[in-house]
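Peer 1:
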Amino acid sequence: MAQNAAPGAPQSKSIPADATVRLAQSREPDTALGRLLLPVDNSAFECGKTDGWDAACLKSHYKGQPAQWPRPVIDAGKNWKEMAPVPAVQPAANAREKAKLQLGTALFFDAGLSRKGGVSCASCHQAGNSFSDGRAQAVGEDKLMGRRRAQTLFAAPFASHLFWDGRAPSLEEQAKGSITNTFEMNNTLAAAVDHVNAQPQYRQLGRQVWGHSKLSADEMVTAISTFVRTIRPPVTVADAVIAGDAAALSDQQRLGLHLFRTKARCMNCHSGALLTDNEFHDLGLSNYGRRNQDLGRFEATRNKADLGKFRTPSLRGVSHAGPWMHNGLFADLPGLLRLYNAGMGVVGGDPQKDAYVPTKSEHIKPLNLNAAEIDALVEWLKLL
Ligand code: HEC
Ligand code: HEC
Numbered sequence: 084m085a086q087n088a089a090p091g092a093p094q095s096k097s098i099p100a101d102a103t104v105r106l107a108q109s110r111e112p113d114t115a116l117g118r119l120l121l122p123v124d125n126s127a128f129e130c131g132k133t134d135g136w137d138a139a140c141l142k143s144h145y146k147g148q149p150a151q152w153p154r155p156v157i158d159a160g161k162n163w164k165e166m167a168p169v170p171a172v173q174p175a176a177n178a179r180e181k182a183k184l185q186l187g188t189a190l191f192f193d194a195g196l197s198r199k200g201g202v203s204c205a206s207c208h209q210a211g212n213s214f215s216d217g218r219a220q221a222v223g224e225d226k227l228m229g230r231r232r233a234q235t236l237f238a239a240p241f242a243s244h245l246f247w248d249g250r251a252p253s254l255e256e257q258a259k260g261s262i263t264n265t266f267e268m269n270n271t272l273a274a275a276v277d278h279v280n281a282q283p284q285y286r287q288l289g290r291q292v293w294g295h296s297k298l299s300a301d302e303m304v305t306a307i308s309t310f311v312r313t314i315r316p317p318v319t320v321a322d323a324v325i326a327g328d329a330a331a332l333s334d335q336q337r338l339g340l341h342l343f344r345t346k347a348r349c350m351n352c353h354s355g356a357l358l359t360d361n362e363f364h365d366l367g368l369s370n371y372g373r374r375n376q377d378l379g380r381f382e383a384t385r386n387k388a389d390l391g392k393f394r395t396p397s398l399r400g401v402s403h404a405g406p407w408m409h410n411g412l413f414a415d416l417p418g419l420l421r422l423y424n425a426g427m428g429v430v431g432g433d434p435q436k437d438a439y440v441p442t443k444s445e446h447i448k449p450l451n452l453n454a455a456e457i458d459a460l461v462e463w464l465k466l467l
């Protein structure tokens, strides 16, 4: 029960301002390490035993395609999709499309789009970091620091609402936002287009695509988005497993996969090919009423139902994407999983007295995972 709050901190009043951070960073699991190493009664789950898990049973159940595996634990009414291969990139249909992609690729890496020529899209979205940048908060031109972490870009080709708060309705709008955001490229669209139109090689590509060589802002962001739509996660062991080769897994990794789907409840939100429902949820990480408050989707919609909600990130390539969450709160995955295990962030404030207190998602619950189970989950996440 006490798992809901930081050790020693009653849920009701006077939650220390740094309770969530301390819980995330503590080396120990949420309570004494000894207790967490004790066997957990998992008999309610497939292949679960009163004192742990039956590895042989798991091996025999994880064969073939995901639809043949044990069904995931999903809350009533929650939409989800089975794990699936990542959709392939459509090859450029013709020479025009090819030139558009070539232009967009060049622009993604071109720091000339920023006001002082110091920052490109790729400065903050680096392939080796799952297209994030390894920082808790993105750093833009003039070293101005934004308040959110650069997102990985694996979900972006498939999402209908871009950014952590979903405020951009298309990749084209999102690209405009990144170019003009003070904390990112800090430029005007007109100046960025002037830079593009000053480069002969861009003008030539533009002519091949649109038949004229003076690009507009819309054409510029169309080209950039064409490149972003081709971004895919690297092929990993998880792809082999999802294609039907679960024998590629060690017993520990297979247990991690099983926990992800069942006891740990991850598939409620991280499902489908990209392991995201592309929906918005409050995990209790909005720092409501504190320094660093970020109310997420609410800041885009002003709808109280959206208070503290952030878009579920893809977990593809997640082990290379840290530090994790919209604000880079977690420097390591075991710490992140310990907080999920405890039922996630500590929300301050009294909803009876304050209508703006964010409500944590009903899909987030204490998980009762022991230390070995957390380790197994981490090993599965590393394969994604
Ligand atoms: C200074 C670092 C920085 C630069 C430069 C930058 N981004 Fe980003 N990017 C971010 C951050 C931070 C977010 C999340 C912002 C938010 O949610 O408010 C983001 C979000 C995105 C997203 C949304 C992903 C999703 O799934 O919703 C896309 C796509 C993206 N950036 C592409 C680009 C492109 C294209 C460029 C160049 C035109 C660019 N970024 C330049 C930091 C940067
Ligand atoms: C209620 C839906 C929900 C459930 C259930 C859920 N997640 Fe998440 N997950 C999210 C959202 C939303 C975020 C982003 C939250 C934020 O940044 O404030 C997130 C973020 C993450 C991240 C950080 C990714 C990144 O790029 O920063 C990891 C890793 C993660 N979840 C793993 C898991 C695992 C493992 C489980 C099961 C133990 C799980 N999640 C269960 C919705 C969920």
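With positions in the sequence shown counted from 1, the corresponding number in the numbering used here is that position plus 83.
Note that CB positions come from ideal geometry on N, CA and C, so glycine has one too.
All figures in this text were calculated on a predicted structure; none of them were measured in a lab.
Judging by CA-CA distance, which residue of H403, A182, G229 is the nearest neighbour of P317?
Peer 2: Against the sequence shown, residue 317 aligns to sequence position 234. The shortest C-alpha separation from P317 is found at H403.
Peer 1: For F192, count neighbouring C-beta atoms within 10 Å of its own C-beta (all shown protein chains included) and say buried if the count is 16 or more, exposed if not.
Peer 2: Residue mapping note: residue 192 aligns to position 109 of the sequence shown, counting from 1. Exposed.
Peer 1: Is it the case that the segment 324-342 contacts the segment 206-220, given that we only count it when at least three CB pairs across the two stretches are under 8 angstroms?
Peer 2: Cβ pair count under 8 angstroms is below three, so no.
Peer 1: Should K146 be labelled buried (16 or more other beta-carbon atoms within 10 Å of its own) or exposed?
Peer 2: Taking the first residue of the sequence shown as position 1, residue 146 is located at position 63. Exposed, because fewer than 16 other Cβ atoms sit within 10 Å of the Cβ of K146.
Peer 1: Looking only at its own chain, which residues have a Cβ that is under 6 angstroms from the Cβ of W463, when we skip the five neighbours before and after it?
Peer 2: To locate residue 463, count along the sequence shown from 1; it is residue 380. Cβ within range, chain order: Q336, G339, L340, F343.
Peer 1: Could you pull the DSSP bridge partners for Q209 from this structure?
Peer 2: Locating residue 209 in the sequence shown gives position 126, where the first residue counts as 1. BP columns for Q209 point to S215.
Peer 1: Is it the case that the CB of D248 approaches a heavy atom of ligand 3 more closely than 7 angstroms?
Peer 2: Judged by which ligands are present, ligand 3 is missing from the structure shown, whose ligands are ligand 1 and ligand 2.
Peer 1: Which residue comes first and which comes last in the alpha helix (DSSP H) that contains T188?
Peer 2: Position 105 of the sequence shown, counting from 1, holds the residue named residue 188. First-last of the alpha helix (DSSP H) with T188: 178-191.
Peer 1: According to DSSP, is G71 helix, strand or coil?
Peer 2: Shown here, the chain extends from 84 to 467; a query on residue 71 therefore has no answer.
Peer 1: Would you identify the three-state DSSP class for A251, choosing helix, strand or coil?
Peer 2: Taking the first residue of the sequence shown as 1, we reach residue 251 at position 168. If DSSP states are grouped into helix, strand and coil, A251 belongs with the strands.
Peer 1: Ignore the nearest five residues each way along the sequence and tell me which others in G135's own chain have a CB closer than 6 angstroms to its CB.
Peer 2: Here the question's residue 135 lines up with position 52 in the sequence shown. Cβ within range, chain order: P122.
Peer 1: In angstroms with no decimal places, state the Cα-to-Cα distance between F363 and P406.
Peer 2: Here residue 363 refers to the residue found at position 280 of the sequence shown. Here residue 406 refers to the residue found at position 323 of the sequence shown. Using only the alpha carbons, I get a separation of about 20 angstroms.
Peer 1: So, is V172 buried or exposed, given that buried needs 16 or more other C-beta atoms within 10 angstroms?
Peer 2: Counting from one through the sequence shown, the residue named residue 172 turns up at place 89. Classification for V172: exposed.
Peer 1: Could you name the residues of the same chain whose beta carbon sits closer than 6 angstroms to that of K465, not counting the 5 residues immediately before and after it, in chain order?
Peer 2: For the purposes of this step, residue 465 is identified with residue 382 of the sequence shown, where counting begins at 1. Answer for K465: S402, listed in chain order.
Peer 1: Beta-carbon within less than 7 angstroms of S95's beta-carbon, same chain only, minus the 5 sequence neighbours each way: which residues are those?
Peer 2: Along the sequence shown, one-based indexing puts residue 95 at 12. Note that S95 has pLDDT 43, beneath the 50 cutoff, so the model's placement of it is unreliable and no number is given.
Peer 1: With distances taken from CA atoms, which of D322, A331, N264 is nearest L358?
Peer 2: Your numbering for residue 358 matches position 275 in the sequence shown. Here the closest residue by C-alpha is D322.
Peer 1: Which residue from R312, L186, P441 puts its Cα closest to that of R380?
Peer 2: Here residue 380 refers to the residue found at position 297 of the sequence shown. Among R312, L186, P441, the Cα nearest to that of R380 is on P441.
Peer 1: Since F24 contacts R399 with CB under 8 angstroms, what's their CB separation in whole angstroms?
Peer 2: This structure leaves residue 24 out entirely; the chain is present only between 84 and 467.
Peer 1: Indicate whether S354 and W163 have their beta-carbon atoms separated by less than 8 angstroms.
Peer 2: By 1-based counting over the sequence shown, the position of residue 354 is 271. By 1-based counting over the sequence shown, the position of residue 163 is 80. In this structure, W163 lies closer than 8 angstroms to S354 by Cβ.
Peer 1: Sort out for me which residues DSSP pairs R348 with in a bridge.
Peer 2: One-based indexing of the sequence shown puts residue 348 at position 265. DSSP output for R348 lists no bridge partner at all.
Peer 1: Starting from the N-terminal side, write out each stretch of the alpha helix (DSSP H) that is 4 residues or longer and does not extend beyond the segment 280-317.
Peer 2: Here the runs fully enclosed are 283-293, 300-311.
Peer 1: Are the CB atoms of R231 and N410 within a distance shorter than 8 angstroms?
Peer 2: Residue numbering aside, residue 410 sits at position 327 when the sequence shown is read from its first letter. Residue numbering aside, residue 231 sits at position 148 when the sequence shown is read from its first letter. Against a cut-off of 8 angstroms, the Cβ pair of R231 and N410 comes out as a contact.
Peer 1: Between the beta-carbon of L450 and the beta-carbon of K346, is there less than 8 angstroms?
Peer 2: Position 367 of the sequence shown, counted from the start, is the residue given in the question as residue 450. Position 263 of the sequence shown, counted from the start, is the residue given in the question as residue 346. Contact: yes.
Peer 1: Could you check where the alpha helix (DSSP H) with D433 kicks off and where it finishes?
Peer 2: Reading the sequence shown from its first residue, position 350 is the one you call residue 433. Segment: none, D433 is in no alpha helix (DSSP H) and carries neither H nor E.
Peer 1: I need the DSSP call for G379, collapsed to helix, strand or coil.
Peer 2: For this step, residue 379 is matched to residue 296 along the sequence shown. If DSSP states are grouped into helix, strand and coil, G379 belongs with the strands.
Peer 1: Looking only at its own chain, which residues have a Cβ that is under 6 angstroms from the Cβ of L467, when we skip the five neighbours before and after it?
Peer 2: For the purposes of this step, residue 467 is taken as residue 384 along the sequence shown, with counting starting at 1. Cβ neighbours of L467 beyond the five flanking positions: A321, L398, R399, V401.
Peer 1: May I have the straight-line CA-CA distance separating A326 from H144, to the nearest angstrom?
Peer 2: Within the sequence shown, residue 326 is the residue found at index 243, counting from 1. Within the sequence shown, residue 144 is the residue found at index 61, counting from 1. In a straight line, the C-alpha of A326 is about 15 angstroms away from that of H144.
Peer 1: Of the choices A176, P155, Q284, R250, whose alpha-carbon is the least far from that of E382?
Peer 2: Reading the sequence shown from its first residue, position 299 is the one you call residue 382. Considering only alpha carbons, the answer is R250.
Peer 1: List the whole-angstrom C-beta distance separating V324 from M303, where the pair is believed to meet the contact cut-off of C-beta under 8 angstroms.
Peer 2: For the purposes of this step, residue 324 is taken as the residue at position 241 of the sequence shown. For the purposes of this step, residue 303 is taken as the residue at position 220 of the sequence shown. That pair is no contact at about 40 angstroms.
Peer 1: Do the segment 187-205 and the segment 261-268 meet, that is, are 3 or more Cβ pairs less than 8 angstroms apart?
Peer 2: Touching, per the Cβ criterion.
Peer 1: Which of helix, strand or coil does DSSP assign to R198?
Peer 2: On the sequence shown, position 115 is the one that residue 198 refers to. R198 falls in the coil class under three-state DSSP.
Peer 1: DSSP puts W463 in a beta bridge; with which residues?
Peer 2: Residue numbering aside, residue 463 sits at position 380 when the sequence shown is read from its first letter. Paired residue(s): none; W463 is not in a bridge.
Peer 1: Exposed or buried, which one is F413 when buried takes at least 16 other CB atoms within 10 Å?
Peer 2: One-based indexing of the sequence shown puts residue 413 at position 330. F413 is buried by the Cβ-count criterion.
Peer 1: Considering A321, what are the terminal residues of the alpha helix (DSSP H) in which it resides?
Peer 2: The count along the sequence shown starts at 1 and reaches residue 321 at position 238. Segment 320-325, the alpha helix (DSSP H) holding A321.
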